[in-house]
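Working notes, structure below.
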Amino acid sequence: MLELKFIRENPDTVKKAIKDRGMKLDIEELLSIDTKRRELLTEVEALKHKKNALSQKIGQKIAKKEDVSREKSEIKIISQNINEIEPEVEEIDQKLATLLLLIPNIPHKSVPIGPEKDSNKVVKEFGKAPKFKFEPRNHIELADILDIIDFKRASKIAGSFFILYKGLGARLERALINFMLDLHTKKHGYKEVFPPFLVNRKSMTGTGQLPKLEEDMYRLKDDDLFLIPTAEVPVTNMHRDEVIPEEKLPVYYTAYTACFRREAGSYGKDTKGLNRVHQFDKVELVKFVKPETSFDELESLLQNAEKVLQLLELPYRVSALSTQGISFAASKCYDIELWAAGSKMHLEVSSCSNFGDFQARRANIRYRDKETQKLLYVHTLNGSGVATARLLIALIENYQTKDGTVMIPKALQPYMDGLKEIKPA
RNA sequence: GGAGGAGUGGCUGAGCGGUUGAAAGCGGCGGUCUUGAAAACCGUUAGACUCUUUACGGGUCUCAGGGGUUCGAAUCCUCUCUCCUCCGCCA
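Sequential numbering from 401 applies to the first sequence in my numbering.
Here it is in structure tokens:
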């Protein structure tokens, strides 16, 4: 969330951010509520001050065994006044807090302005789309030929848009996860964590999914718990309401989790096969850093995610998302999209974002600055490193041969017991 | 699920109705000493909000969270949450 004082002092910056994001929010209303709040606060605090002083006086008088009836009746009147204003302040506080939680982060100045399709900027391309002397199959056909995914039974067990990996398919999924975790822990300096897949409301609010996106998530009503849509939520909230010692920064975590998304309202769009599912696997990267380093940290985070695809020798492109493409909490974001040769489309497998202090404010994650001795908010970042299901799609589609055999990239073979290919069943 | 115990500042830990926003210790910061460092000693060290004549200034709130009693609550009552111990159940 943004600091109220910042909005008060920079209303035009905030308004521009909202406009660039294609959102509609009434900042003037917020500001007038803020003014009203401060007026009332001044009034009620002066009354409280009077009351406190009198109360202390009563204490002193009682000690001296003097009469205090006059003070008591005076306090009674003041208390009545307080009781009239106080509820109004509380109501306004509530309103303000609600409004504040709905205001998005300010996009960084380097973020292209405009609606998503036209304005996302491709900043990098890696590898070449494979050329085939035959018509490449899509992953649904391949999965069938290889007998590695059972769509029918998945929907019997859970419903449509769930996946059941089988045999070498399950093995491949596990290999990818292990390969990515090993890369990030051994080569990129991330600490591995394995967090809960269910989180409470406070955690969901801390990273910014709530209150806006409640209908997009699976929720356990009896316990008010949510299935995580990404490991970003539990991992970022590890340090909620904490002060991280400055010398520990930056802190890097990587985590494998399953991710759960209702995808409400998105039916009918790219819905075939593995592309859009309710449960998928992801290795996530999360960073807590000092403010002045966060945009450099975003670049290295992106490189860490890219490395996965480079080692697997898969063609991809990186886009800098526009003001309308970046998420609510992000100030800057890159997407990595893999080319899937059979589906003939790009698949988003990673989003790498810098949130600045937006999440840190919500979740109250701070560090003490050595120089000034002040408590400051850290900056948080995260990125997928990367999401599978889609990774697996691209892998089998790009590495297919004419008879449907899929070659295993070199980097992955150790994780498949040296297996070099998956043959048709 | 049942029965007990506990939640205090960056940390450990006192306080159990009246200058207690909170002793003490550790840690942090500054200094003395030292060629330098360590040790020792001295000083200093919570946060959020807010006001004004923006000042080494004033005020309000905060001792898990909400509500209550009282002129006055970290301290009493009540509900909620979290943690610990024991029992039950269980992968």
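Where is the CB? At the ideal position from N, CA and C, for every residue including glycine.
Treat the numbers as computed from the prediction; the structure is a model and nothing was measured.
Would you kindly check if the distance between the Cβ of residue j and the Cβ of residue i is under 9 Å?
i	j	result
Leu702	Leu583	no
Val677	Phe561	yes
Pro411	Ile427	yes
Leu698	Tyr653	no
Leu501	Leu430	no
Asp616	Arg662	yes
Glu684	Glu632	yes
Thr788	Leu649	no
Pro634	Ala655	yes
Glu445	Lys457	no
Tyr799	Pro530	yes
Lys802	Phe579	no
Pro809	Glu713	yes
Phe688	Ile726	no
Glu797	Asp681	no
Ile545	Gly804	yes
Lys591	Val651	yes
Gly422	Gln679	no
Ile478	Leu440	no
Lys690	His779	yes
Met401	Arg571	no
Leu404	Leu496	yes
So, is residue i buried or exposed, given that buried needs 16 or more other C-beta atoms within 10 angstroms?
i	result
Gly756	buried
Lys528	exposed
Lys732	buried
Thr442	exposed
Phe534	exposed
Asn452	exposed
Thr657	buried
Ala825	exposed
Phe406	exposed
Lys509	exposed
His639	buried
Asn704	buried
Asp420	buried
Asp641	exposed
Ile462	exposed
Thr498	exposed
Leu775	exposed
Ala730	buried
Ala558	exposed
Arg438	exposed
His449	exposed
Glu466	exposed
Glu692	exposed
Glu706	buried
Below 8 Å on the Cβ atoms is my guess for residue i versus residue j; work out the distance and round it to an integer in Å.
i	j	result
Asn764	Phe695	Not really, about 23 Å apart at Cβ, beyond 8 Å.
Pro512	Ser722	5 Å
Arg762	Gly608	6 Å
Gln759	Gly606	7 Å
Val364	Thr636	In the structure as shown, the chain starts at 401 and stops at 825, and residue 364 therefore has no counterpart that could be examined.
Ala417	Ile506	4 Å
Ser719	Val523	7 Å
Val806	Ile822	5 Å
Val414	Ile475	Between Ile475 and Val414 the Cβ distance is about 42 Å, and since that is not below 8 Å, they are no contact.
Arg790	Leu674	7 Å
Ile482	Leu447	5 Å
May I ask you to verify whether the stretch 559–578 touches the stretch 763–780, counting CB pairs closer than 8 Å and requiring at least 3?
-> no
Taking one C-beta from the stretch 528–548 and one from the stretch 741–752 each time, how about it: are there three or more such pairs within less than 8 Å?
-> yes
Okay, do the stretch 783–797 and the stretch 509–518 touch, 3+ Cβ pairs below 8 Å being the bar?
-> no
Does the stretch 620–638 touch the stretch 584–602, meaning 3 or more C-beta pairs lie closer than 8 Å?
-> yes
What are the uninterrupted segments assigned as beta strand (DSSP E) that are 3 or more residues long and contained completely in the stretch 560–622, given in chain order?
-> 591–593, 598–600
What are the complete alpha helix (DSSP H) segments, minimum 4 residues, inside the stretch 483–539?
-> 516–519
At what residue ranges does the stretch 417–472 contain a whole run of the alpha helix (DSSP H), taking only runs of 4 or more?
-> 427–463
Contained alpha helix (DSSP H) runs [length at least 4] in the stretch 625–654, N- to C-terminal order = 632–636
Fully enclosed by the stretch 748–790, which beta strand (DSSP E) runs are 3 residues long or longer?
-> Runs of the beta strand (DSSP E) lying entirely within the stretch 748–790 and spanning at least 3 residues, in chain order: 765–768, 775–777, 779–787.
Segments assigned beta strand (DSSP E), at least 3 residues, entirely inside the stretch 672–737 = Assignment of beta strand (DSSP E) within the stretch 672–737, counting only whole runs of 3 or more residues, yields 679–689, 716–720 in chain order.
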